[in-house]
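Residue numbers (the numbering used here): 7 to 287.
Using N, Cα and C, we set each Cβ at its ideal position, and we do this for glycine too.
Here the structure comes first, spelled out in structure tokens, and everything after it is commentary.
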Ligand SMILES: C[S@@+](CC[C@H](N)C(=O)[O-])C[C@H]1O[C@@H](n2cnc3c(N)ncnc32)[C@H](O)[C@@H]1O
């Protein structure tokens, strides 16, 4: 895909997302679309945990479809079982809204949907993953369970992304800090909007290159944990000190070319992917 095609696609996804109800900012939409459109489909599946009304599902499905015609997998019981889930308007049926969103946007055929809790899907899951998007139960135990159940299926070069690391929820920020930023098996990483993301590089030759960057990000992000740990998030609406420290975490736009070039360095058989990346250089 040429860079201008990719840029056009990202703009189109932002415009589309503006019409959909859900919990993603424009910056986050661009990032998810970039991942699904560029991470090589040969690495494995795109898995979404937590679909709600289908906003990120639609963006991921449309973007993966550009990428060697890939489908995505999504899982959500659509019953809002977690204490951290958003709510519905009176009289709304989540399964109906979800199905309607997918049909209206012509992506129903592009989504293998499991109306289950993620832990039920995990029980029989064996497929490798290229993108693991964790946006389900945001409690510490819920996010931890999702990460533990599915991170073992990440292929070298795959990306894991947690939503709401910069929101008052305990799970995403703790898992991202403790299991990603302090983990030598993850390389390139960052925060885009409220998405904490990282590439799984395994114990490959490039793993050590990212330690300093990860520790620097850990130092800034981990200062926020005190405001959300041990269920403090539910007691306090964004305390003053949290509001001071939060903007100090770099969480701006990801520049597609630079991002993809860095990701390609860590793909298996990366020489052939550099050729692909030349298209978006
Ligand atoms: C924050 S919303 C997801 C937002 C969505 N990604 C979007 O783009 O708008 C969280 C969703 O996670 C789902 N959820 C909660 N616990 C879950 C679990 N154990 N497994 C799968 N989904 C879960 C809820 O039903 C809810 O729809």
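Checklist entry - Within 10 angstroms of its Cβ, does residue 225 collect 16 or more other Cβ (buried), or is it exposed? => result exposed
Checklist entry - Between the region 176-193 and the region 17-24, do at least 3 Cβ pairs fall closer than 8 Å? => result A contact is defined here as three or more CB-CB pairs under 8 Å, and the region 176-193 fails this definition with respect to the region 17-24.
Item to check | Secondary structure, beta strand (DSSP E): runs of 3+ residues fully inside the region 199-285 | outcome: Restricting attention to beta strand (DSSP E) runs no shorter than 3 residues, the region 199-285 encloses them at 201-206, ordered along the chain.
Checklist entry - Taking three-plus beta-carbon pairs below 8 Å as touching, is the region 190-208 in contact with the region 32-39? => result The region 190-208, when compared against the region 32-39, does touch it at the 8 Å Cβ threshold.
Item to check | Cβ neighbours of residue 228 in the same chain (closer than 7 Å, five flanking residues each side left out) | outcome: 183
Checklist entry - Looking only at its own chain, which residues have a Cβ that is under 8 Å from the Cβ of residue 65, when we skip the five neighbours before and after it? => result 19, 22, 23, 30, 35, 38, 39 and 42
Next on the checklist: To the nearest angstrom, how far is the alpha carbon of residue 287 from that of residue 271?
Outcome noted: Note that residue 287 scores a pLDDT of 46, beneath 50, so its modelled location is shaky; the value from the coordinates is reported in the next line. Cα to Cα, the separation comes out at about 13 Å.
Checklist entry - How do the region 101-114 and the region 132-147 stand: do at least 3 beta-carbon pairs fall below 8 Å, yes or no? => result Not touching, per the Cβ criterion.
Checklist entry - Looking at residue 49 and residue 134, is the spacing between their C-beta atoms short of 8 Å? => result Less than 8 Å divides the Cβ of residue 134 from the Cβ of residue 49.
Next on the checklist: For a test of your reading of the model: does the CB of residue 298 fall under 7 Å from any non-hydrogen atom of ligand 1? Yes or no.
Outcome noted: This structure cannot speak to residue 298, because the chain is shown only from 7 to 287.
Checklist entry - So what does residue 53 bridge to, in DSSP terms? => result DSSP, once it has assigned bridges, lists 79 and 138 as partnering residue 53.
Item to check | Beta-carbon gap between residue 123 and residue 83 smaller than 8 Å | outcome: yes
Item to check | residue 118 versus residue 77 - alpha carbon distance | outcome: Straight-line Cα distance between these residues: approximately 7 Å.
Item to check | Simplified DSSP assignment, three categories, for residue 178 | outcome: helix
Next on the checklist: Rounding to the nearest angstrom, what Cα-Cα distance links residue 216 and residue 174 in this structure?
Outcome noted: 27 Å
Checklist entry - Going by beta carbon distance, what residues of the same chain come within less than 7 Å of residue 251, once the five residues before and after it are set aside? => result 229 and 230
Item to check | Whether residue 156 touches residue 128 by CB criterion (8 Å) | outcome: Judged by beta-carbon spacing, residue 128 lies within the 8 Å limit of residue 156, meaning their Cβ atoms are closer than that value.
Checklist entry - Buried or exposed: where does residue 70 fall if 16 or more other Cβ atoms within 10 Å of its Cβ makes it buried? => result buried
Next on the checklist: Can you give me the C-alpha to C-alpha distance between residue 170 and residue 151, rounded to a whole angstrom?
Outcome noted: 16 Å
Checklist entry - If you draw a straight line from the alpha carbon of residue 79 to that of residue 113, how long is it in whole angstroms? => result 12 Å
Checklist entry - Is residue 14 helix, strand or coil by DSSP? => result Look at residue 14 here: in three-state DSSP terms it is helix.
Next on the checklist: Does the beta-carbon of residue 85, which I'm using as the reference point, lie nearer than 7 Å to any heavy atom of ligand 1?
Outcome noted: yes
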